[in-house]
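A.B. asks: Residue numbers (full-length UniProt numbering): 1 to 236.
Backbone N, C-alpha and C define an ideal beta-carbon position, used for all residues, glycine too.
On a predicted model such as this, the values are computed, not experimentally measured, just so you know.
Dropping the structure here:
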């Protein structure tokens, strides 16, 4: 993946090679703007052989994004475009607003072209008898569990790794800010970025950041919450 070592603009159709002989990286997670190409037609399997480099194709114009875990065992790759509309990607944390409810769950606005579907049982400990009863207008913090072309996006308020909420779910009180720069929200969620730590050193607050350009914040007063959100929106 030498082509990702320096920032550069990627064009739709560009290809990126993942070297399978790099032992430092065990897992590569793909974000928006990248697709894994199928192996060569000579292979009878839909998966790559262990000794064959994987090929990625860029699907939108933008700068490449590249983060690596502290242990170097996992890397995340994506293409950061300048689109004002959020495009759902698997695993993204998002902030949604319930706009409709039905017997099986809810329709939630997450800023995409179409509402997402939230199953009533996609909460920690939810059963048919004991499931959340969200009202229209409720704000939820969720993760994208299904994001495919030409299909309805699905979200869930649970961590699939342990079936716990881990911060996902309905958010009460607090303040919600929408239509923020998508790249800035992603930056806030990146481990090297220290803005939230600096604010947290002097103030107590709760915050949820969505990759869909939305931030929810709650502190001990409305005025303090406004100040915190202003610092986050206009970092110094």
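Quick test of your reading: residue 126 and residue 156, contact by CB under 8 Å. State the CB separation rounded to the nearest angstrom.
C.D. replies: Within the chain shown, residue 126 is the residue found at index 126, counting from 1. Within the chain shown, residue 156 is the residue found at index 156, counting from 1. Incorrect: roughly 10 Å between the Cβ atoms, too far for contact.
A.B. asks: Quick check on residue 53: buried or exposed, where buried means 16 or more other Cβ atoms within 10 Å of its Cβ?
C.D. replies: Here residue 53 is taken as the residue at index 53 of the chain shown, counted from 1. Result: exposed.
A.B. asks: Would DSSP call residue 238 helix, strand or coil?
C.D. replies: No answer is possible for residue 238: it lies beyond the span of the chain, which begins at 1 and ends at 236.
A.B. asks: Using alpha carbons as the reference points, say which of 76, 175 and 108 lies closest to residue 215.
C.D. replies: For this step, residue 215 is matched to residue 215 along the chain shown. The shortest C-alpha separation from residue 215 is found at 175.
A.B. asks: For the region 115–161, which segments carrying the beta strand (DSSP E) assignment without a break, of at least 3 residues, lie completely within its bounds, in sequence order?
C.D. replies: The qualifying runs are 116–123, 139–146 and 154–157.
A.B. asks: So what does residue 168 bridge to, in DSSP terms?
C.D. replies: As a working note, residue 168 is residue 168 in the chain shown. Its beta-bridge partners do not exist; DSSP assigns none.
A.B. asks: Measuring alpha carbon to alpha carbon, tell me which residue in 94, 55, 31 and 90 is nearest residue 63.
C.D. replies: Here the question's residue 63 lines up with position 63 in the chain shown. Measuring from the Cα of residue 63, the nearest candidate turns out to be 31.
A.B. asks: In the structure shown, what three-state DSSP assignment does residue 105 receive?
C.D. replies: Looking up residue 105 in the chain shown gives position 105. DSSP places residue 105 in strand when its eight states are reduced to three.
A.B. asks: Only counting runs of 3 or more residues, tell me where the beta strand (DSSP E) segments fall wholly within the region 174–204, in order along the chain.
C.D. replies: Runs of the beta strand (DSSP E) inside the region 174–204: 175–177.
A.B. asks: Measure how close the beta-carbons of residue 153 and residue 161 come, nearest whole angstrom, since I'm counting them as under 8 Å.
C.D. replies: Looking up residue 153 in the chain shown gives position 153. Looking up residue 161 in the chain shown gives position 161. The pair is not a contact, with the Cβ atoms about 20 Å apart (cut-off 8 Å).
A.B. asks: Are there 16 or more other CB atoms within 10 angstroms of the CB of residue 75, so buried, or fewer, so exposed?
C.D. replies: In the chain shown, counting from the first residue as 1, residue 75 sits at position 75. The residue is buried, with at least 16 neighbouring Cβ atoms inside 10 Å.
A.B. asks: Among the residues of its own chain, which have a CB less than 6 Å from the CB of residue 138, if the five just before and after it don't count?
C.D. replies: Reading the chain shown from its first residue, position 138 is the one you call residue 138. Once the five neighbours on either side are set aside, the close Cβ partners of residue 138 are 98 and 170.
A.B. asks: Do residue 33 and residue 17 have their C-beta atoms within less than 8 Å of each other?
C.D. replies: On the chain shown, position 33 is the one that residue 33 refers to. On the chain shown, position 17 is the one that residue 17 refers to. Result no, Cβ atoms of residue 33 and residue 17 do not sit closer than 8 Å.
A.B. asks: Whose C-beta lies closer than 6 Å to the C-beta of residue 132 among residues of the same chain, with five residues either side of it excluded?
C.D. replies: On the chain shown, position 132 is the one that residue 132 refers to. Result list for residue 132: 123, in chain order.
A.B. asks: Just checking my contact of residue 95 with residue 141 at CB under 8 Å: how many whole Å lie between their CB atoms?
C.D. replies: Locating residue 95 in the chain shown gives position 95, where the first residue counts as 1. Locating residue 141 in the chain shown gives position 141, where the first residue counts as 1. That pair is a contact at about 6 Å.
A.B. asks: Closer than 7 Å by C-beta to residue 36: which residues in its own chain qualify, once you throw out the five before and the five after it? Chain order, please.
C.D. replies: Along the chain shown, one-based indexing puts residue 36 at 36. So the qualifying residues of the chain are 30, 54 and 56.
A.B. asks: Per the DSSP calculation, residue 262 is bridged to which residue(s)?
C.D. replies: Nothing about residue 262 can be read from this structure; the chain reaches only from 1 to 236.
A.B. asks: Determine, using beta carbons only, whether residue 213 and residue 106 come nearer to each other than 8 Å.
C.D. replies: The residue labelled residue 213 in the question sits at position 213 within the chain shown. The residue labelled residue 106 in the question sits at position 106 within the chain shown. No.
A.B. asks: Spatial neighbours of residue 14 within its chain, please: C-beta separation below 6 Å, excluding the five flanking residues on both sides.
C.D. replies: Start at 1 with the first residue of the chain shown, and residue 14 comes out as number 14. Around residue 14: 58.
A.B. asks: Mapping DSSP to helix, strand and coil, what is residue 224?
C.D. replies: Stepping through the chain shown from its first residue, residue 224 is reached at position 224. In this structure, residue 224 counts as helix in the three-state DSSP scheme.
A.B. asks: For residue 211, count the other beta carbons within 10 Å of its own beta carbon; 16 or more makes it buried, fewer makes it exposed. Which is it?
C.D. replies: In the chain shown, the residue the question calls residue 211 occupies position 211. Under this definition residue 211 is a buried residue.
A.B. asks: Which residue from 102, 110, 113 and 112 puts its Cα closest to that of residue 119?
C.D. replies: The residue labelled residue 119 in the question sits at position 119 within the chain shown. Minimum Cα distance to residue 119 is reached at 102.
A.B. asks: Taking Cβ positions, are residue 144 and residue 100 nearer each other than 8 Å?
C.D. replies: Locating residue 144 in the chain shown gives position 144, counting from the first residue. Locating residue 100 in the chain shown gives position 100, counting from the first residue. Contact: no.
A.B. asks: Thinking C-beta only, is residue 11 closer than 8 Å to residue 61?
C.D. replies: Against the chain shown, residue 61 aligns to sequence position 61. Against the chain shown, residue 11 aligns to sequence position 11. Yes, these two residues count as a Cβ contact at 8 Å.
A.B. asks: How long is the line joining the alpha carbons of residue 186 and residue 230, rounded to whole angstroms?
C.D. replies: Residue mapping note: residue 186 aligns to position 186 of the chain shown, counting from 1. Residue mapping note: residue 230 aligns to position 230 of the chain shown, counting from 1. Computed Cα separation, rounded: 17 Å.
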